[in-house]
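In my numbering, the protein residues as written are 358 to 405.
Cβ coordinates follow ideal geometry from the N, Cα and C atoms, glycine included.
Remember, it's a predicted structure, so these values are computed and weren't measured experimentally.
Data first, discussion second: the structure below is written as structure tokens.
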């Protein structure tokens with residue numbers, strides 16, 4: 358299981374993600390969905 362608690366990511370002082378929390382359970386299928394530019398790739402890169 359991967360747990361995220363209060364994650365904030367910025368690029369050169371520009372916030373990309375702000376106070377994100379959640380869990381990814383091992384063996385479960387999880388989808389991260391949203392419009393272009395909403396931070397999906399940033400979220401996945403930050404937890405790798």
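For residue i, three-class secondary structure by DSSP
| i | result |
| --- | --- |
| residue 364 | strand |
| residue 386 | coil |
Bridge partner(s) assigned by DSSP for residue i
| i | result |
| --- | --- |
| residue 376 | DSSP lists no partner for residue 376. |
Boundaries (first-last residue) of the alpha helix (DSSP H) holding residue i
| i | result |
| --- | --- |
| residue 403 | 397–404 |
Contact belief for residue i with residue j at Cβ below 8 Å, rounded distance in angstroms
| i | j | result |
| --- | --- | --- |
| residue 361 | residue 404 | 6 Å |
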